[in-house]
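J.: Structure below; questions to follow.
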Amino acid sequence: MCGIIGILGQHQVAPQLVEALKRLEYRGYDSAGVATIDAGGDLRRRRAVGKLVNLSDRLVNEPLSGRSGIGHTRWATHGAATEENAHPHQRGKVAVVHNGIIENFRELREELSGSGYIAESDTDTEVVAMLTASHLDQGMSPLEAARATLNRLQGAFALAFLFDGEGDLMIAARQGSPLAVGHGDDEMFIGSDAIALSPFTDRVSYLEDGDHAVLTRSSVQIFDSANRQVNREIATIDVGATVIDKGGYRHFMAKEIAQQPAVLGDVLNHYIRNDRIVLPEGMDFSQVDRLTIVACGTAYLAGYVAKYWFEKLAGLPCDVDVASEFRYREPPLSDRSWGIFVSQSGETADTLAALHYARGKVAKTVGVVNVGTSAIARDTDIALPTLAGIEVCVASSKAFTCQLAVLAVLALKAAQDRGRLSDAELARHLDDLRSVPALVNQALTTAEECRHLSGWLSEFQDVLFLGRGPLYPVALEGALKLKELSYIHAEGYASGELKHGPIALIDQHMPVVVVAPRDALFEKTVSNMQEVMARHGQVILVSDSEGIREGGDGVYASLTMPSGGGIFAPIIYAVPMQYLAYYTAVAKGTDVDQPRNLAKSVTVE
Ligand code: G6P
């Protein structure tokens, strides 16, 4: 899940490449590199390990000139984060950047070594440069050489090739990994997404699987896998250019948490107008016999919360699955069921593959997607935008709560279509849902208390999160956030399962965060809390004032949440989970927006 960029431009291209890579850094930040062709036609490259800033610094001391270039930001798959393994990979007269995995690279590497082309890195990508160089050495033209290489590659890739002495030529190819072409005025661009291209052009077309493109400054020719020239529609895309603005906050995450009342208001106003749920035509759940929600990471946990809503409100059986398990299990799917695919980026490889598996087997595929130009948004029958705006922090916050908001709307629509709610009940649930942005705003006031508690939490090695009902996935999300941001081991558990294992771990060294609004199940959760405290476990109770009054005796600390939201309370309770993780990470001094080893868009399996 690296990011790639290529530019045939009118200006010095190195700063433009770096600008685009800033927008792609969410895809990985183990190393970065650029290659350009200078005025003399020479292909040169600079690479640096670690964050993009290291490459920028290097380019200040060792600048690269030229108006044609390619760039890369890496999330390491094959080979450690070293300069040798950083892209672009250059062999002879060709340089290559790659996102994806070349599955047959060992076989190709062995074959090439027999002809004297010896690998210098541990990467799978280098074999693409070696193979192309070998084809050029045989006298092939750049296009023939690239095509001969593409014919040999197995796996997933988005690739860009640049050739020494060919300042007005770039070749790009896509198989499985996303690749956009940007059309400028006598300039041409390729990039992993439209956001990377946004500083340069808003006119974008997308390569389809098997396509390759031959670009000059003034033209682009796209060919399909049979080398037939094809047209790919050019769309005008508005992605804005504000991606790198922290808006006065110390971290993007702090900004994105604080944006939630506004973006939740936007998304709910989009789908609920004049007391009516407004969804695209075809969103009628009356004949649906089952839902299958598929996603990864935090998006999966949004789906998990929604399962409770669909089943309880709409009486609609709902499976929820992580995409990497779903796709290989090959589950039978009813042709009266719908598949719902939840993804912030809309590019997550496993979720996309799960969607492709389900297509044709289910009656309808629905995307709940934040990036409207993404593959999942394009490949689902109906794509519902989550309207969270660009989310930069690798750990998802506002995209998660906006996913929940859209799924809540869908659950109410399903309940309505299936006649499961009276008009009065529906109106009450709609009121609860519409109260969420204001309640999330109130929940933001837990920030200071969370900051205070995080100093204490940051001293522990392990933390347990407990929740029940739709708050159970919120407990899972609290644990996921804490581990990904602060590197503290954390687990989420269903409160009722405590006795079946995790209670063995409880002592004074394992704080337990209990997420429990004062609802019908509250008494049971209070009993679980008592069991923890009887074993010297230290509890942080996250509840409303009534819950804290009734169940707060003996806890180490409590976080007072606003009352309300009804069945949609999980959206509000996500906020203290985010703040506890955020401030614990700040206390530990970890890299909040770009935690180690993670990437925001996971485009490899
Ligand atoms: C990565 C990110 C998570 C995200 C998950 C799914 O693991 O770090 O924040 O929840 O991918 O991504 P998606 O774009 O499909 O929502």
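Positions -3 to 601 (our numbering) are the ones given, in order, by the sequence shown.
Virtual Cβ for every residue (Gly too), placed ideally from N, Cα, C.
Since the structure is predicted, the reported quantities are computational estimates derived from the model, not experimental observations.
1. Under 8 Å: do the segment 28 to 44 and the segment 78 to 95 share three or more Cβ pairs, one atom per stretch?
2. Whole angstroms is fine: what's the gap from A612's alpha carbon to E162's?
3. If you reduce the DSSP assignment to three classes, tell me which class N81 lands in.
4. Expressed to the nearest angstrom, what Euclidean distance is found between the alpha-carbon atoms of P84 and D26?
5. With V367 and L380 assumed to form a contact (beta carbons below 8 Å), what rounded beta-carbon distance in angstroms separates them?
6. So within the segment 439 to 484, which uninterrupted beta strand (DSSP E) runs reach at least 3 residues, ignoring any that extend past its ends?
7. How long is the line joining the alpha carbons of M525 and H485, rounded to whole angstroms?
8. So what's S117 in DSSP terms, helix, strand or just coil?
9. Of all the options Y552, A553, T344, which has the alpha carbon lying nearest to the alpha carbon of E601?
10. Would you check if the distance between the CB atom of I3 and the CB atom of S52 is smaller than 8 Å?
11. Please find out if some non-hydrogen atom of ligand 1 comes closer than 7 Å to the beta-carbon of K251.
12. Is A391 near ligand 1, with its Cβ less than 7 Å from a heavy atom?
13. If you compare alpha carbons, which of A395, G88, E80 is closest to D120?
14. Shortest alpha-carbon distance to A250 belongs to which of S392, D38, Q438, G187?
15. Quick one: measure Cβ to Cβ for C446 and L576, integer angstroms, because I've assumed they're closer than 8 Å.
16. Among the residues of its own chain, which have a CB less than 7 Å from the CB of R416, if the five just before and after it don't count?
17. Since P174 and T599 should fall inside the 8 Å C-beta cutoff, what is the C-beta to C-beta distance between them, to a whole number of angstroms?
18. Whole angstroms is fine: what's the gap from I336's alpha carbon to G342's?
19. Once the 5 residues before and after T238 are set aside, which same chain residues still bring their CB inside 8 Å of it?
20. What does DSSP give as the partner residue(s) for D314 in the beta ladder?
21. What residues match up with P381 in a beta bridge as DSSP calls it?
22. Is the separation between the beta-carbon of L400 and that of P566 shorter than 8 Å?
23. What span of residues does the alpha helix (DSSP H) with N50 cover, start to end?
24. So for I502, helix, strand or coil by DSSP?
25. Can you tell me which residues form a DSSP beta bridge with N95?
26. Just grab the DSSP bridge partners of G178 for me.
27. Roughly how many whole angstroms lie between the Cα atoms of C(-2) and L422?
28. Given this structure, state the Cα-to-Cα distance separating V177 from G560, to the nearest angstrom.
29. Taking all protein chains shown into account, do 16 or more other C-beta atoms lie within 10 angstroms of the C-beta of I1, making it buried, or fewer, making it exposed?
T.: Checking against the coordinates, here is how it stands:
1. Yes: the two stretches touch, three or more of their Cβ pairs being nearer than 8 Å.
2. This structure cannot settle anything about residue 612, because the visible part of the chain is limited to -3 through 601.
3. Start at 1 with the first residue of the sequence shown, and residue 81 comes out as number 85. Coil at N81, not helix or strand.
4. Taking the sequence shown and counting its residues from 1, the one referred to as residue 84 is at position 88. Taking the sequence shown and counting its residues from 1, the one referred to as residue 26 is at position 30. Spanning the two alpha carbons is a distance of roughly 14 Å.
5. On the sequence shown, position 371 is the one that residue 367 refers to. On the sequence shown, position 384 is the one that residue 380 refers to. Rounded to the nearest angstrom, the Cβ distance from V367 to L380 is 13 Å, too far for a contact under 8 Å.
6. For the beta strand (DSSP E) assignment, the uninterrupted runs of no fewer than 3 residues enclosed by the segment 439 to 484 are, from N- to C-terminal side, 458 to 463.
7. In the sequence shown, the residue the question calls residue 525 occupies position 529. In the sequence shown, the residue the question calls residue 485 occupies position 489. C-alpha separation (whole angstroms): 20 Å.
8. Against the sequence shown, residue 117 aligns to sequence position 121. Look at S117 here: in three-state DSSP terms it is coil, with no helix or strand label.
9. Here residue 601 corresponds to residue number 605 of the sequence shown, with the count starting at 1. Comparing Cα positions, the closest option is T344.
10. Walking along the sequence shown from the start, residue 3 turns up at place 7. Walking along the sequence shown from the start, residue 52 turns up at place 56. Going by C-beta atoms, I3 is not nearer than 8 Å to S52.
11. Stepping through the sequence shown from its first residue, residue 251 is reached at position 255. For ligand 1, no non-hydrogen atom lies closer than 7 Å to the CB of K251.
12. Translated into positions along the sequence shown, residue 391 becomes position 395. Yes, since a heavy atom of ligand 1 falls inside the 7 Å radius drawn around the Cβ of A391.
13. In the sequence shown, the residue the question calls residue 120 occupies position 124. When each option's Cα is compared against that of D120, the closest is E80.
14. The sequence position of residue 250 within the sequence shown is 254, counting from 1. Distance from the Cα of A250 is smallest, within the candidate group S392, D38, Q438, G187, for S392.
15. Taking the first residue of the sequence shown as 1, we reach residue 446 at position 450. Taking the first residue of the sequence shown as 1, we reach residue 576 at position 580. That belief holds up - the Cβ atoms of C446 and L576 are roughly 5 Å apart, short of 8 Å.
16. Here residue 416 is taken as the residue at index 420 of the sequence shown, counted from 1. Closer than 7 Å at the Cβ level, and outside the excluded window around R416, lie L309, A310, G311.
17. Looking up residue 174 in the sequence shown gives position 178. Looking up residue 599 in the sequence shown gives position 603. Their Cβ separation, rounded to whole angstroms, is 7 Å, which keeps P174 and T599 in contact under 8 Å.
18. Numbered from 1 along the sequence shown, position 340 holds the residue referred to as residue 336. Numbered from 1 along the sequence shown, position 346 holds the residue referred to as residue 342. So the alpha carbons of these two residues sit roughly 12 Å apart.
19. Taking the first residue of the sequence shown as position 1, residue 238 is located at position 242. In this prediction, T238 scores a pLDDT of 46, lower than 50, which makes its location untrustworthy; the coordinate-derived value is nonetheless stated afterwards. Excluding the 5 residues flanking it on each side, T238 has same chain C-beta neighbours closer than 8 Å at I386, in chain order.
20. As a working note, residue 314 is residue 318 in the sequence shown. Correcting the residue type first, residue 314 is Cys in the shown sequence and not Asp. DSSP lists L287 as partners of C314.
21. For the purposes of this step, residue 381 is taken as the residue at position 385 of the sequence shown. Residue pairing by DSSP places P381 opposite V365 in a beta bridge.
22. Taking the sequence shown and counting its residues from 1, one reaches residue 400 at position 404. Taking the sequence shown and counting its residues from 1, one reaches residue 566 at position 570. Closer than 8 Å, so yes.
23. Translated into positions along the sequence shown, residue 50 becomes position 54. Where N50 is concerned, the enclosing alpha helix (DSSP H) stretches over 48 to 57.
24. Taking the sequence shown and counting its residues from 1, the one referred to as residue 502 is at position 506. Reduced to three states, the DSSP call for I502 is coil.
25. The residue given as residue 95 occupies position 99 in the sequence shown. For N95, DSSP records a beta bridge to A154.
26. Taking the first residue of the sequence shown as 1, we reach residue 178 at position 182. Per the DSSP secondary-structure output, G178 pairs in a beta bridge with F185, V200.
27. For the purposes of this step, residue -2 is taken as residue 2 along the sequence shown, with counting starting at 1. For the purposes of this step, residue 422 is taken as residue 426 along the sequence shown, with counting starting at 1. For C(-2) and L422, the gap between their C-alpha atoms comes out near 45 Å.
28. Here the question's residue 177 lines up with position 181 in the sequence shown. Here the question's residue 560 lines up with position 564 in the sequence shown. Taking the straight line from one Cα to the other gives about 47 Å.
29. The sequence position of residue 1 within the sequence shown is 5, counting from 1. With 16 or more Cβ atoms within 10 Å of its Cβ, I1 is classed as buried.
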